[in-house]
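Asker: Okay, handing you the structure first.
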Amino acid sequence: MYYFVFYNFNRRLCETSFKTALIIIFVAGMFHMIGPAAANTNRPELCFCTPASTKKIEQKNIELTLNPAINSNISDQVHYVDFHPQQPGNDPKTVEMIGKMLQAQQNLSYSGEQVTLLYKNGNPWKSSEQFVTRCGNRGTRAIYRSPIKWAGWIRADNGSVYWESRPHRNEIFIYPTRDIISRAVSNRLLRAIGNGVISVHLIGEETLAGKRAIIIQADPIRFRRIGSKRFSIDPTNGAQLRIITYSPDGKPVSDSYFISIEYNVQIDPAQFSPPPGRPVRYGSQNIKTYTTLPSGIVPELGYQILKPNYIPAGYKFQKAQVSEINKERSIDISLEGGLGIISIFEKSGKGNLSGAPSVTKRTNGSEMMSGCINGIKVIIIGNIDISELTNIYQSLK
Numbered sequence: 084m085y086y087f088v089f090y091n092f093n094r095r096l097c098e099t100s101f102k103t104a105l106i107i108i109f110v111a112g113m114f115h116m117i118g119p120a121a122a123n124t125n126r127p128e129l130c131f132c133t134p135a136s137t138k139k140i141e142q143k144n145i146e147l148t149l150n151p152a153i154n155s156n157i158s159d160q161v162h163y164v165d166f167h168p169q170q171p172g173n174d175p176k177t178v179e180m181i182g183k184m185l186q187a188q189q190n191l192s193y194s195g196e197q198v199t200l201l202y203k204n205g206n207p208w209k210s211s212e213q214f215v216t217r218c219g220n221r222g223t224r225a226i227y228r229s230p231i232k233w234a235g236w237i238r239a240d241n242g243s244v245y246w247e248s249r250p251h252r253n254e255i256f257i258y259p260t261r262d263i264i265s266r267a268v269s270n271r272l273l274r275a276i277g278n279g280v281i282s283v284h285l286i287g288e289e290t291l292a293g294k295r296a297i298i299i300q301a302d303p304i305r306f307r308r309i310g311s312k313r314f315s316i317d318p319t320n321g322a323q324l325r326i327i328t329y330s331p332d333g334k335p336v337s338d339s340y341f342i343s344i345e346y347n348v349q350i351d352p353a354q355f356s357p358p359p360g361r362p363v364r365y366g367s368q369n370i371k372t373y374t375t376l377p378s379g380i381v382p383e384l385g386y387q388i389l390k391p392n393y394i395p396a397g398y399k400f401q402k403a404q405v406s407e408i409n410k411e412r413s414i415d416i417s418l419e420g421g422l423g424i425i426s427i428f429e430k431s432g433k434g435n436l437s438g439a440p441s442v443t444k445r446t447n448g449s450e451m452m453s454g455c456i457n458g459i460k461v462i463i464i465g466n467i468d469i470s471e472l473t474n475i476y477q478s479l480k
């Protein structure tokens, strides 16, 4: 439905390692489930949903506690559900359940053990296990327990910054917030369902973490280059217990699900913010966001950007974000559609670079085109036909 890119212009995006792939899934899949925070962090000291039923979460000894049963053979733990062909849907009760899930992402607090599986060519490839804590849209945090080399790795978002604490490193790595589970994004999904861009239908039921879950599949109708998604939702409160992402040809790409979960837990929001007293290293910084495409020389970049004179049907300009990574600045032009975002990354190169663009098919089914135009390095990523990527690339002036 949505995909978001964790990128670095100093590496080729097509060289996807396990670490990079898990970062992408964390941002695109797991954060779709556990969500980043909203920007407002001026909240009460503790956040919880139902005080009478809260349970204090003890954080000590969580980071390095491993689960041998899970780590021994993760694929044996999966109760995988076969892909269902696309079909008409949007039954009012099914749409209502999707709305309940989106509302829970804004309001529900919970914590639990989560497993993420990555697939390659439809077959299980790699896995991770993490302890997830979320307090609605106020903050989210994941502490990795496996693979072993990741044990103790923390990723969190408090709505102002997304940060990481990595094993055997004293620095705190800080990035711009991954605010992709905002109310605006939720409303966009509901609008896409109402406009017939997405069809949702009931698949059945399953049991996850001891909870009954309703399985709903969401299929793209007008954007066939985007794969379906499968949600398993607790009908009592809308908690998303599982999400499976498929490629356009119906093969699984990722599967994240809870093996244990507690609702309405009492959470100290301080755990969503970077710990004080440790050196800080900025992985990237948002410099400026443009709500209209800038004309002339962009002051933050020092050069004139290439503008797309062709935008595929169903998409429109959303924003242009100037960021800085490793003291080098680039711009990300986002084109928003009903089911996803086309990203056009531009960075100034050295000399008058030119040449034919190259095309790469990424592991999530999206297409990536990269090249140089008049000395500017360009990368375009989107779940659209390669002919449309070519049209966008050739229209950049």
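Residue numbers for the sequence shown follow our numbering, so the first one is 84 and each next one is one higher. Glycine residues also receive a C-beta, built at the ideal position from the N, C-alpha and C atoms. This structure is a prediction, so every number in the text was calculated from the model and none was measured.
#1: Three-state secondary structure (DSSP) at N369?
#2: Alpha carbons only, please: which of A353, P358, L272 is nearest the one belonging to C218?
#3: How far does the beta strand (DSSP E) with Y245 in it reach, from first residue to last?
#4: Looking at C-alpha atoms only, which residue of S406, C455, H251, P359 is the closest neighbour of Y43?
#5: Count the other C-beta atoms from every protein chain shown that fall within 10 angstroms of the C-beta of Y346, then say buried if there are 16 or more, exposed otherwise.
#6: Does DSSP put L191 in a helix, a strand or coil?
#7: Let me know the secondary structure DSSP gives V178 once reduced to three states.
#8: Does the count of Cβ pairs from the region 249-262 and the region 378-391 closer than 8 angstroms reach three?
#9: Look up A296 in the DSSP assignment and give the residues it is bridged to.
#10: Would you list the one or two residues that DSSP bridges to D468?
#11: Enumerate in chain order the residues of its own chain whose CB-to-CB distance from L147 is below 6 angstroms, with the five nearest sequence positions on each side excluded.
#12: May I ask you to report which of helix, strand or coil DSSP gives W236?
#13: Grab me the residues of R313's own chain with a C-beta within less than 6 angstroms of its C-beta, minus the 5 sequence neighbours each way, in chain order.
#14: So, are the CB atoms of F214 and I231 less than 9 angstroms apart?
#15: Would you check if the distance between the CB atom of P318 and the CB atom of G310 is smaller than 9 angstroms?
#16: Using the C-alpha atoms, what's the distance from G195 back to V348?
#17: So what does DSSP say about T473, is it helix, strand or coil?
#18: Any idea what DSSP makes of S315, helix, strand or coil?
#19: Does DSSP put I463 in a helix, a strand or coil?
#20: What distance in whole Å lies between the Cβ atoms of I316 and M486, which are believed to be in contact at a cut-off of 8 angstroms?
#21: Who are P259's beta bridge partners in DSSP?
Answerer: So, from the listed chains and residues:
#1: Your numbering for residue 369 matches position 286 in the sequence shown. Note: N369 maps to strand in three-state DSSP.
#2: For the purposes of this step, residue 218 is taken as the residue at position 135 of the sequence shown. Out of A353, P358, L272, A353 has the C-alpha closest to the C-alpha of C218.
#3: Counting from 1 along the sequence shown, the entry for residue 245 is found at position 162. 244-248 is the span of the beta strand (DSSP E), which, as asked, contains Y245.
#4: As displayed, the chain neither begins before 84 nor continues past 480, which places residue 43 out of reach and without an answer.
#5: Translated into the one-based positions of the sequence shown, residue 346 becomes position 263. With 16 or more other Cβ atoms within 10 Å, it is buried.
#6: Along the sequence shown, one-based indexing puts residue 191 at 108. Here L191 sits in coil by DSSP.
#7: Residue numbering aside, residue 178 sits at position 95 when the sequence shown is read from its first letter. V178 falls in the helix class under three-state DSSP.
#8: no
#9: Looking up residue 296 in the sequence shown gives position 213. By DSSP's assignment, A296 forms a beta bridge with E289.
#10: Reading the sequence shown from its first residue, position 385 is the one you call residue 468. D468 is not bridged to any residue.
#11: Counted from its first residue, the sequence shown places residue 147 at position 64. The predicted position of L147 is uncertain, since its pLDDT is 30 and thus under 50; a value taken from the coordinates is nonetheless stated next. Excluding positions up to five away in sequence, the list reads A234, G235.
#12: For this step, residue 236 is matched to residue 153 along the sequence shown. In this structure, W236 counts as coil in the three-state DSSP scheme.
#13: Within the sequence shown, residue 313 is the residue found at index 230, counting from 1. If we look at R313 and ignore the five residues flanking it on each side, its Cβ neighbours are Q300, I327.
#14: Working through the sequence shown from its first residue, we reach residue 214 at position 131. Working through the sequence shown from its first residue, we reach residue 231 at position 148. Cβ distance not < 9 angstroms, so F214 and I231 don't count as in contact.
#15: Position 235 of the sequence shown, counted from the first residue, corresponds to residue 318. Position 227 of the sequence shown, counted from the first residue, corresponds to residue 310. For P318 and G310, no; Cβs fall outside 9 angstroms.
#16: Position 265 of the sequence shown, counted from the start, is the residue given in the question as residue 348. Position 112 of the sequence shown, counted from the start, is the residue given in the question as residue 195. The alpha-carbon atoms of V348 and G195 are separated by roughly 10 angstroms.
#17: To locate residue 473, count along the sequence shown from 1; it is residue 390. In the structure shown, T473 sits in a helix (DSSP, three-state: H, G or I).
#18: Start at 1 with the first residue of the sequence shown, and residue 315 comes out as number 232. If DSSP states are grouped into helix, strand and coil, S315 belongs with the strands.
#19: By one-based count along the sequence shown, residue 463 stands at place 380. I463: strand per DSSP, three-state reduction.
#20: Shown here, the chain extends from 84 to 480; a query on residue 486 therefore has no answer.
#21: Indexing the sequence shown from 1 puts residue 259 at position 176. Per DSSP, V244.
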